[in-house]
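All remarks here apply to the structure that follows.
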Amino acid sequence: MSLGFFVFAPGFWDNEAVHVALAVGTAVAIVAGVVGVFTVMRGQSFAGESLGDIGTTGGSAAALVGAGPLAGFVAVDVLAAAAMELVGVQRVRGRDLATGIVLGAAIGLAAFFLYLDSTQGSGNGSTVTILFGSIFAISSATIPAVVGLAALAVTMIVVLYRPLLLATVSPEMAAARGIPVRLVGALYLLALALATALAAITIGTILSTALLIGPAAAALRLTRRPLRAMLGATAIGIGAVWLGILLAYDSYHWPPHEHGWPVSFFVVALVFLGYLASGLVEWRRERGA
Amino acid sequence: MNEAVLSVEGLGVRIAGRQVLDGIDFAIAPGQFTGLIGSNGAGKTTLFRAILGLQPATDGRILVDGRPRTRRTDSIGYVPQKFLLDPDLPLRGRDLVGLGLDARKLGFAVNRRRKRELVEEMLAAVGAEAFADTRVGRLSGGEQQRILIAHALISGPRLLLADEPLANLDLRSAQEVVALLARVCRERGVAVLISAHEINALLPVMDRIVYLAHGRAAGGTSEEVIRPDVLSRLYGHHVDVIDVHGRVLIVAGAGDDEDLHGCEETVEHALPGEVAP
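Line by line, the protein sequences are chains A and B.
Under the numbering used here, the first residue of the first sequence is numbered 1, with each subsequent residue one higher.
Under the numbering used here, the first residue of the second sequence is numbered 1, with each subsequent residue one higher.
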């Protein structure tokens, strides 16, 4: 028996759910890496976390009417991003209060929807799926939407790259050069909303920020250049998602038997380990320098 | 004198009902070094924002190269007021300088030879080659100023605006930045408008001075402006100009202890009787 037999449990490569999970996970890791680097640089992790949490409302409402969670996440996250732009979250970082209040109201609504979901029985187990994700349960029919939205968000960042970078370094300097700083920021927030919604279908609304922020933060420790940070974050994200899917699949054979461990746990744990490892590399590099 | 690179004509700016700038008139000729002097709150940053087109004028107009300014001009380079760059920002000094050339363009930057050469030239012009590959946020205040000046210069402006570039710098770094700006002005023929609340560091290099107080301005050479009668009229109360071994101290004669320039501490301690409520 080969080593491959132990690493890849039987049926891994033939399982359609695994194929879908790998495809979706890869697209999401790419968009999370590209968008996440700017999220960390702009100090908007809290906005990302809020968008992720608010997505719960959309996911639970979608489950209530029998629609897929992705549509709910995208609709609510884009609306929430527009609302955040209107109350000026980006311009005044002290506007935590407005975000906090909207967030509280949205989560309250989500609690109500999730309650209806569980009592009406139509969305069996939807609470756990929405909050913590369930990448093996994604239908292959969702792949075109996932890939399309991911491509849209990545394209937005690529097109806006230089104006966005200068506006991130200094809004004043960007404005002095005639860059429409507010428009660029609003478009960025839209890309962040898409990335958050995509991360939510992979590892759930609550954990979505982990995939967005973790790989980006790790990559930013290792390089002095934003483009390399994006590539690094994408690579770390893909690595964590692939390995997470593999471990979750293999875990069917771990105790307790016939109950796989959640993919989200593995992905988030691997992202966290990646972050710790990057800190170690940075520490050693700076000590050596 | 050639056509002015900048002329400010009867500029008035009102923000939230408060007249921040009132009847500001001055012009800057090509290659001239002008100091914009005034205490905090005198309206220096508002004037800069108006010149940059970020603050609409309530009255008067601003001409750049003889034409009303547009948002997208490369005629003006801008060095913002000292701000703290995030030390973890993944951006080298040379990347920030390069952004001065093409930040408005969409898409990723193609690493063109012409751009690389221009960035190298600017880094050399400000003496920043040695630290061009360090993350900008980890550079000292003086080093960051050099990178920011190179960023502003790379697009070939005819006027460089520097907002309080000497604030928070130690004396030696401040002198180096002043010398650098003066050299840029002479060698490249770029007019410089630099704001400061302290006049003495700039006295040796200034061609002209625009003195701002209570939203109004007096302009001319330093001999024409730094006089008790001119400054008293500007402040609206009596002001003395004292020369201490070549350093100028501007002292409120009566009433106001906020409008002291030069070595404020010394003045307060030396002349306690003069600082009445």
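Where a beta carbon is used, it is the ideal one built from N, C-alpha and C, also for glycine.
Under 6 Å Cβ to Cβ from residue i, same chain only, skipping five residues before and after it: list those, please.
| i | result |
| --- | --- |
| residue 14 (chain B) | 58 |
| residue 42 (chain A) | 168 |
| residue 284 (chain A) | none |
| residue 146 (chain B) | 126, 128 |
| residue 66 (chain B) | 3 |
| residue 174 (chain B) | 166, 201 |
| residue 277 (chain B) | Reliability fails at residue 277 (chain B), whose pLDDT of 32 lies under 50, so the model's placement of it is uncertain and no value is given. |
Any idea if residue i is buried or exposed, counting beta-carbon neighbours within 10 angstroms, 16 or more meaning buried?
| i | result |
| --- | --- |
| residue 144 (chain B) | buried |
| residue 32 (chain B) | buried |
| residue 120 (chain A) | exposed |
| residue 70 (chain B) | exposed |
| residue 220 (chain A) | buried |
| residue 151 (chain B) | buried |
| residue 139 (chain A) | exposed |
| residue 165 (chain B) | buried |
| residue 177 (chain B) | buried |
| residue 68 (chain B) | exposed |
| residue 276 (chain A) | exposed |
| residue 161 (chain A) | buried |
| residue 208 (chain B) | buried |
| residue 273 (chain A) | exposed |
| residue 105 (chain B) | exposed |
Tell me which residues share the same chain as residue i and place their Cβ nearer than 8 Å to its Cβ, disregarding the 5 neighbours each side in the sequence.
| i | result |
| --- | --- |
| residue 166 (chain A) | 173, 174, 177, 179 |
| residue 80 (chain B) | 148, 163 |
| residue 92 (chain B) | 132, 133, 134, 135, 136 |
| residue 26 (chain A) | 238, 241, 242 |
Compare the C-alpha of residue i against each of the options and name the closest.
| i | options | result |
| --- | --- | --- |
| residue 268 (chain A) | A:242, A:101, A:137, A:250 | A:242 |
| residue 103 (chain A) | A:117, A:132, A:130, A:48 | A:48 |
| residue 161 (chain B) | B:232, B:150, B:77 | B:77 |
| residue 94 (chain B) | B:236, B:130, B:195, B:187 | B:130 |
| residue 209 (chain A) | A:19, A:162, A:17, A:131 | A:131 |
| residue 249 (chain B) | B:141, B:30, B:198, B:121 | B:198 |
| residue 221 (chain B) | B:157, B:228, B:211 | B:211 |
| residue 183 (chain B) | B:204, B:195, B:168 | B:204 |
| residue 111 (chain A) | A:97, A:262, A:53 | A:53 |
| residue 40 (chain B) | B:195, B:113, B:68, B:30 | B:195 |
| residue 155 (chain B) | B:107, B:180, B:66, B:118 | B:118 |
| residue 141 (chain A) | A:287, A:20, A:149 | A:20 |
| residue 172 (chain B) | B:141, B:216, B:190, B:153 | B:141 |
| residue 152 (chain A) | A:229, A:246, A:188 | A:188 |
| residue 100 (chain A) | A:157, A:171, A:46 | A:46 |
| residue 286 (chain A) | B:18, B:138, B:243, B:44 | B:138 |
| residue 18 (chain B) | B:30, B:26, B:42 | B:42 |
Can residue i and residue j be called in contact, C-beta distance under 9 Å?
| i | j | result |
| --- | --- | --- |
| residue 148 (chain B) | residue 96 (chain B) | yes |
| residue 51 (chain B) | residue 6 (chain B) | yes |
| residue 249 (chain A) | residue 259 (chain A) | no |
| residue 224 (chain A) | residue 87 (chain B) | no |
| residue 60 (chain B) | residue 8 (chain B) | yes |
| residue 24 (chain B) | residue 47 (chain B) | yes |
| residue 217 (chain A) | residue 126 (chain A) | no |
| residue 256 (chain A) | residue 103 (chain B) | no |
| residue 59 (chain A) | residue 155 (chain A) | no |
| residue 28 (chain A) | residue 211 (chain A) | yes |
| residue 202 (chain A) | residue 133 (chain A) | yes |
| residue 194 (chain A) | residue 117 (chain A) | no |
| residue 222 (chain A) | residue 281 (chain A) | yes |
| residue 12 (chain B) | residue 206 (chain B) | no |
| residue 107 (chain B) | residue 159 (chain A) | yes |
| residue 158 (chain B) | residue 191 (chain B) | yes |
| residue 106 (chain A) | residue 82 (chain A) | no |
| residue 147 (chain A) | residue 23 (chain A) | yes |
Below 8 Å, is the gap between the Cβ of residue i and the nearest heavy atom of the ligand PLP?
| i | result |
| --- | --- |
| residue 29 (chain B) | The ligand PLP is absent from the structure shown, which contains no ligands of any kind. |
Note down, in chain order, each residue of its chain lying with its Cβ closer than 7 Å to the Cβ of residue i, except the 5 sequence neighbours on either side.
| i | result |
| --- | --- |
| residue 150 (chain A) | 27, 28, 30, 31, 198 |
| residue 207 (chain A) | 132, 133, 264, 268 |
| residue 51 (chain A) | 77, 80, 81, 192, 193, 196 |
| residue 122 (chain B) | 97, 150, 153, 154 |
With three or more C-beta pairs closer than 8 Å as the rule, is the segment 193-202 of chain A touching the segment 67-79 of chain A? yes
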